[in-house]
Amino acid sequence: MTPPRDARLHTVVADDGALLRGWAWEPAEPRGVVIIRTPYGAWRHGDTARAWSGRGYRCVIHDVRGRHSSDGEWHPYLAERGDGRAVVEAVRAENPGLPLVLSGGSYAAHTALEAARAADVDALVLLVPALGLAETAWDENGRPHLHHRIGWWHQHGRGARSQPPLTEEELAARVARATEVGVYRAAEEWGWSRVALSGWGRLWSAPAVDLDRAYGALRAPLLLIRGDHDFFFADAGRLAAAWRGPVHLVDGPWGHRLAADIDDDEVRSRLRRAGGIGRVLDSWLAENGLPSEESAPVSAPASPAREQGPPVLRRTRSAFEPDTGRWRYERTA
C-alpha cells in the first residue's frame with residue numbers, strides 16, 4: 001500500500017472496538033462531506049476523492065472491516081450496517097452542520113445503503129449497485145452469475161488482500177467445473193479456506209434483499225447510476241422503483257466499469273463533450289441544495305430521512321444517447 005500524499009489517515013472505532021481505517025481528502029473550505037466505504041483499497045480511490053474535493057466536499061474513504069488497513073475478519077455483505085453507522089456518526093461529529101452524502105459503486109453502493117439504514121444522511125449517490133449476496137449470485141431470470149462470482153470471490157472474497165485475477169482460461173475451466181459438479185464441491189477442489197468456503201456457501205443460499213423492508217423507511221434523495229450492459233442493471237431498476245424518496249435514475253451505454261466499458265472511441269468522445277456523468281451529478285447536487293462545482297456554500301438541509309408524513313415521490317431520469325451525444329431528461333412518474 002502506498003499512502004496518498006494529499007490525504008491524512010482517518011480512523012473510527014467500531015462498536016466492538018475494531019479500528020476501521022481510511023483516508024480523508026480535505027478541501028480548503030469544506031462545504032459538505034462524502035463517505036465511501038470500499039473493499040478494494042481506500043488509497044486507490046484518490047481520483048474519486050479529488051473529484052469530490054473539487055466540488056467542496058471533505059471526502060472520507062474507508063476500507064471495510066477485514067480489508068486492507070481495517071481490523072477484523074472479511075465476510076462480504078455481513079457487517080456493513082453497524083460499521084457504516086459508526087463511520088457516519090464519527091464523521092458527522094467531526095463536521096457539524098455540513099451536508100453528508102454517502103456514495104459508492106458496486107460493493108461500495110451496498111455499504112452506503114446499509115449505512116443509510118442505521119444513520120441519518122442527506123443524500124446517496126450510487127453507481128452500478130450490488131445490492132446483496134443473492135443479487136450478485138443470480139440474474140433476474142434465476143440464472144447463476146458463475147463467471148463473475150467465481151472471478152470475484154477468487155480475487156477479492158478471500159482475506160484482507162486481493163489476489164491476482166484468474167486468467168480467462170483458468171476462469172473458464174472453473175466455470176465449467178462448477179457447472180459440472182456444483183459450486184460448492186468445485187470450490188473445495190480449488191483449495192479455498194474453511195472461512196472462504198463458508199462465505200461461498202452463504203452466497204448461493206442467501207435470500208434476495210426485500211427492498212421495501214430494508215430501505216422502505218429511507219427518504220433521502222438518491223442519484224442512481226446504472227449501465228445498459230451492467231449485469232446488475234435489473235437490480236438497480238428494482239431499487240429505483242422501491243425508493244420512497246426522490247430518485248433520479250441515470251442510464252447510458254456502458255457496463256459495470258461505466259465509461260471505461262465503452263469500446264467505441266467516438267461514443268466515449270461524445271460522452272466527454274456532453275460533460276460525462278459528472279454533469280448529471282452536478283445538476284442533481286445543485287437541485288437538491290447540495291454543494292456542486294458551481295454552487296454557493298450551503299448548510300445541511302433538513303434530512304428527508306427525519307421528516308414525517310407521506311413520502312416524497314419525485315422520480316426523474318437522465319439517459320445518454322450515444323447517437324446524438326446528448327443527455328435526455330425525462331420524468332418517469
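Position 269, counted from 1, in the sequence shown is what the UniProt record's numbering calls 269; the numbers after and before it change by one each time, with no gaps.
Backbone N, C-alpha and C define an ideal beta-carbon position, used for all residues, glycine too.
Taking the alpha-carbon of residue i as reference, which of the options has the nearest alpha-carbon?
i, options, result
"Ser69", "Arg161, Phe320, Ile277 and Ala220", "Arg161"
"Phe320", "Arg314, Ile277 and Arg50", "Ile277"
"His154", "Arg244, Val195, Ala134 and Ala123", "Val195"
"Trp152", "Trp200, Ser205, Arg50 and Glu73", "Trp200"
"Asp139", "Tyr40, Thr316, Trp204 and Ala234", "Ala234"
"Ala123", "Arg244, Tyr329 and Ser106", "Arg244"
"Arg117", "Ser106, Glu29, Leu211 and Gly46", "Leu211"
"residue 350", "Glu293, Arg314, Thr332 and Asp323", "Since the first residue of the chain shown is 1 and the last is 333, residue 350 is not available in this structure."
"Glu170", "Glu180, Gly182, Ile150 and Val181", "Ile150"
"Pro3", "Trp23, His148, Pro165 and Ala79", "Trp23"
"Arg226", "Gly54, Arg21 and Ala259", "Ala259"
"Leu271", "Asp251, Asn288 and Gly142", "Asp251"
"Gly142", "Leu197, Gln163, Asp71 and Ser205", "Ser205"
"Val101", "Arg315, Trp284 and Ser269", "Trp284"
"Asn288", "Pro246, Arg44, Gly275 and His148", "Pro246"
"Ala79", "Pro96, Asp16 and Ala137", "Asp16"
"Thr324", "Arg213, Ser269, Pro96 and Asn95", "Ser269"
"Ser106", "Val121, Val125 and Ala93", "Val125"
"Pro96", "Thr111, Val121 and His110", "Val121"
"His110", "Val209, Ala217, Arg58 and Arg213", "Val209"
"Tyr40", "Gln163, Ser53, Leu281 and Leu197", "Gln163"
"Ser198", "Asp228, Leu166 and Leu133", "Leu133"
"Ala8", "Ala51, Trp52 and Cys59", "The residue asked about is misnamed: residue 8 is Arg in this sequence, not Ala. Taking only the C-alpha atoms, the option nearest Arg8 is Cys59."
"Val280", "Thr316, Asp261 and Asp264", "Thr316"
"Ile262", "Arg44, Ala274, Ser53 and Asp228", "Asp228"
"Ala115", "Arg273, Arg314 and Ala217", "Ala217"
"Pro165", "Val181, His148 and Glu180", "His148"
Within this structure, are the beta carbons of residue i and residue j separated by less than 8 Å?
i, j, result
"Tyr215", "Leu113", "yes"
"His256", "Asp230", "yes"
"Ala42", "Glu89", "no"
"Ile61", "Ala49", "yes"
"Gly104", "Leu290", "no"
"Pro76", "Gly159", "no"
"Ser318", "Arg328", "yes"
"Asp63", "Thr38", "yes"
"residue 335", "Ala186", "Given a span of 1 to 333 for the chain in the structure shown, any question on residue 335 remains unanswerable."
"Leu203", "Val175", "no"
"Pro253", "Pro322", "yes"
"Glu73", "Phe232", "no"
"Ala108", "Arg65", "no"
"Pro27", "Gly56", "yes"
"Leu20", "Val87", "yes"
Hey, quick one: how far does the beta strand (DSSP E) through residue i stretch, first residue to last?
i, result
"Asp251", "Val247 to Asp251"
"Ile225", "Leu222 to Ile225"
"Glu321", "Arg315 to Glu321"
"Arg161", "Taken as a continuous stretch (DSSP letters only), Arg161 belongs to no beta strand (DSSP E), as it is neither H nor E."
"Thr19", "Per the sequence shown, residue 19 should be read as Leu rather than Thr. That run of the beta strand (DSSP E) goes Leu19 to Trp25."
"Arg8", "Arg8 to Val13"
Considering just the uninterrupted stretch of the alpha helix (DSSP H) at residue i, what are its terminal residues?
i, result
"Glu330", "From DSSP, Glu330 is part of no alpha helix (DSSP H) but of the beta strand (DSSP E) over Arg326 to Arg331."
"Gly278", "Gly276 to Glu287"
"Thr179", "Glu168 to Val181"
Counting only beta-carbon atoms, is residue i nearer than 8 Å to chain C?
i, result
"Pro99", "Included in the structure is just one protein chain, with no chain C present."
Length-filtered (4 minimum) alpha helix (DSSP H) runs lying within the segment 32 to 75: Under the rule that a run must span 4 or more residues, the alpha helix (DSSP H) segments found entirely inside the segment 32 to 75 read 46 to 54.
The segment 215 to 227 contacting the segment 182 to 198, beta-carbon criterion three pairs below 8 Å: no
contact_flag[the segment 125 to 139, the segment 232 to 244] where n(CB pairs < 8 Å) is 3 or more: yes
Touching by the beta-carbon criterion (3+ pairs, under 8 Å), the segment 7 to 27 and the segment 76 to 89: yes
Residue ranges of each alpha helix (DSSP H) within the segment 88 to 149, 4 or longer: Whole alpha helix (DSSP H) segments, 4+ residues: 107 to 118 and 133 to 137.
Length at least 3, wholly inside the segment 183 to 268: the beta strand (DSSP E) runs in chain order: 222 to 225 and 247 to 251
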